[in-house]
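Residue numbers (the working numbering): 48 to 383.
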Amino acid sequence: MIDNKRIRTSLCGTCLHSLADIWIDRSNQILVQRPHGDWDKWLAAIRALPDIQINRVDLDSSHITARSDAKVDRDVLAQLKQNLVSLHPWRKGPFDLFGLAIDSEWRSDMKWNRIKDSISPLDGRLVLDVGCGNGYYLWRMLGAGARMAMGIDPTQLFLAQFEAIARYVNVPNAFILPMKSEDLAVPGMLVEQSGFDTVFSMGIYYHRREPIVHLRELFIMLRPGGELVLETLIVGGQEDRELVPQGRYAQMRNVWSLPTITRLRNMLRESGFENIKLVSKCKTTLQEQRTTNWMTFDSLIDFLDPENSDKTVEGYQAPVRACMIARRPVGGLQYN
Ligand SMILES: C[S@@+](CC[C@H](N)C(=O)[O-])C[C@H]1O[C@@H](n2cnc3c(N)ncnc32)[C@H](O)[C@@H]1O
Numbered sequence: 048m049i050d051n052k053r054i055r056t057s058l059c060g061t062c063l064h065s066l067a068d069i070w071i072d073r074s075n076q077i078l079v080q081r082p083h084g085d086w087d088k089w090l091a092a093i094r095a096l097p098d099i100q101i102n103r104v105d106l107d108s109s110h111i112t113a114r115s116d117a118k119v120d121r122d123v124l125a126q127l128k129q130n131l132v133s134l135h136p137w138r139k140g141p142f143d144l145f146g147l148a149i150d151s152e153w154r155s156d157m158k159w160n161r162i163k164d165s166i167s168p169l170d171g172r173l174v175l176d177v178g179c180g181n182g183y184y185l186w187r188m189l190g191a192g193a194r195m196a197m198g199i200d201p202t203q204l205f206l207a208q209f210e211a212i213a214r215y216v217n218v219p220n221a222f223i224l225p226m227k228s229e230d231l232a233v234p235g236m237l238v239e240q241s242g243f244d245t246v247f248s249m250g251i252y253y254h255r256r257e258p259i260v261h262l263r264e265l266f267i268m269l270r271p272g273g274e275l276v277l278e279t280l281i282v283g284g285q286e287d288r289e290l291v292p293q294g295r296y297a298q299m300r301n302v303w304s305l306p307t308i309t310r311l312r313n314m315l316r317e318s319g320f321e322n323i324k325l326v327s328k329c330k331t332t333l334q335e336q337r338t339t340n341w342m343t344f345d346s347l348i349d350f351l352d353p354e355n356s357d358k359t360v361e362g363y364q365a366p367v368r369a370c371m372i373a374r375r376p377v378g379g380l381q382y383n
């Protein structure tokens, strides 16, 4: 299922090429040792996707789109839909395959629009998206000119969704490995000046028990002078503090801490970053995160206090997200 050829080709000729085989081996080990119970079902769905002639692909609009000049038969579209639906729930998107719109839980294009003009232009850059979900942003990154976009995410369903989309959005230089950011570093392998030009970590910080360790993982993967794009849930206030939810936060079990912007700045500084800037801050809306036909479970509206939408059902501040950018200094701290 790991498309070795796609991965090797994407990394070929880059300063990361020597890591391809190590990352491929690690990913295959994960899939062999810890396959999801539905893995075979998902693989069967991908194999059953119909062959459709592809003439145009659009990576630079809200929907990641594939189009055919030939008329796509209704039966073929029905077969396409049936197999894609069996990869439910679709959390990230939207996608549009031959007129079939995948309306995901998240309008991920809204987050992309909030940050795309504030980050360093991606033209020609090697990009890593940590916790990439089904890879929606990888396609947008290529659409914004990135030379290569590598994603990692341990949720195997999202890898399956990526492979399904990649069947039709058949452009090279984007791929996903089913790894955690903890699995990525290869001691001694990154030499001076090598590393990714831009590393994204969006929606991961608060899932990590020790976020400072996560920030160091991101630092290590950047080349000196490279840019981090860090997006996370935050809490309001000027102080250097964090909210540590007791039990769930907005019904999520695995939210360990929500920092203030001040805490985030200090954590980034402590991890070795410089040029730290806040580029966006906004409350999550019911337009951006909602139940759809492609994600039929509960969503944001069910996680908010029905009497007061500024609060979660647990009584915490309703979700507010911020995006910071920061730079790995040139020189100074060493890699490993
Ligand atoms: C809230 S989603 C964010 C997805 C996407 N980055 C976005 O901003 O829309 C968190 C993602 O991180 C992944 N994840 C959780 N722990 C991770 C880890 N330690 N390393 C990498 N990814 C992780 C999850 O599987 C999930 O897809």
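Just so it is clear, CB atoms sit at the ideal spot from N, CA and C, and this is done for glycine as well.
Residue i Cβ short of 7 Å to ligand 1 heavy atom set
| i | result |
| --- | --- |
| Gln257 | The identity of residue 257 in the sequence shown is Glu, whereas the question assumes Gln. Answer for Glu257: no, Cβ out of range of ligand 1. |
| Phe222 | no |
| Val367 | no |
| Ile77 | no |
| Lys330 | no |
| Thr309 | no |
| His254 | yes |
| Val360 | no |
| Trp303 | no |
| Val326 | no |
| Gly140 | no |
| Pro201 | yes |
| Cys179 | yes |
| Trp159 | no |
| Trp45 | The structure shown has nothing for residue 45, since the chain only spans 48 to 383. |
| Phe205 | yes |
| Trp153 | yes |
| Lys52 | no |
| Glu354 | no |
| Glu385 | In the structure as shown, the chain begins at 48 and stops at 383. Residue 385 is therefore absent and cannot be evaluated. |
| Glu317 | no |
| Glu210 | no |
| Glu278 | yes |
Same chain only: Cβ atoms within 6 Å of residue i, ignoring 5 sequence neighbours per side
| i | result |
| --- | --- |
| Cys370 | Ile162, Glu278, Val326, Ser327 |
| Trp303 | Arg256 |
| Gln126 | Pro97 |
| Val276 | Ile166, Phe247, Ile372 |
| Leu169 | Met188, Ala191, Gly192, Ala193 |
| Trp70 | Leu224 |
| Met157 | Glu335 |
| Val291 | Ser304 |
Chain-order list of residues whose beta-carbon lies under 8 Å from that of residue i (same chain, five-residue window excluded)
| i | result |
| --- | --- |
| Ala92 | Asn130, Leu131, Ser133, Leu134, Ala207, Ala211 |
| Asp345 | Gln298, Thr338 |
| Asp287 | Thr307, Thr309, Arg310, Asn313 |
| Ile281 | Leu305, Pro306, Thr307, Ile308, Leu311, Lys328, Val367, Arg368, Ala369 |
| Ser241 | Cys62, Leu63, Arg270 |
Contacting residues, own chain, Cβ-Cβ under 7 Å from residue i (five flanking each side not counted)
| i | result |
| --- | --- |
| Ile149 | Leu131, Trp137, Gly140, Pro141, Phe142, Trp341 |
| Arg316 | Ile323 |
| Phe209 | Asn181, Gly182, Ile223 |
| Ala67 | Ile54, Arg55, Leu58 |
| Leu173 | Thr61, Leu63, Arg194, Met195, Phe243, Asp244 |
Burial state of residue i (16 or more Cβ within 10 Å)
| i | result |
| --- | --- |
| Pro366 | buried |
| Pro225 | buried |
| Ser108 | exposed |
| Ala373 | buried |
| Gly235 | exposed |
| His64 | exposed |
| Gln80 | exposed |
| Pro258 | buried |
| Gln203 | buried |
| Ala95 | exposed |
Residue i CB to nearest heavy atom of ligand 3 below 7 Å
| i | result |
| --- | --- |
| Gly250 | Inclusion of ligand 3 in the displayed structure is not the case, the ligand content consisting of ligand 1 alone. |
Quiz prompt | Three-pair Cβ contact test at 8 Å for the segment 252-270 versus the segment 200-218 | solution = no
Self-check item: the segment 150-167 / the segment 313-332 touching (three or more Cβ pairs under 8 Å)
Solution: yes
Quiz item: Contact between the segment 135-155 and the segment 333-351: three or more CB pairs below 8 Å?
Solution: yes
Practice problem: Inspect the CB distances between the segment 113-126 and the segment 162-177 and report whether three or more fall short of 8 Å. | Solution: no
Quiz item: Does the segment 97-113 touch the segment 223-237, meaning 3 or more C-beta pairs lie closer than 8 Å?
Solution: no
Exercise. For the segment 351-366 and the segment 289-302, state whether three or more C-beta atom pairs, one from each stretch, are separated by less than 8 Å.
Key: yes
Quiz item: Are the segment 181-193 and the segment 59-68 in contact at 8 Å, needing three or more beta carbon pairs?
Solution: Contact between the segment 181-193 and the segment 59-68 is absent: fewer than three C-beta pairs spanning the two stretches fall below 8 Å.
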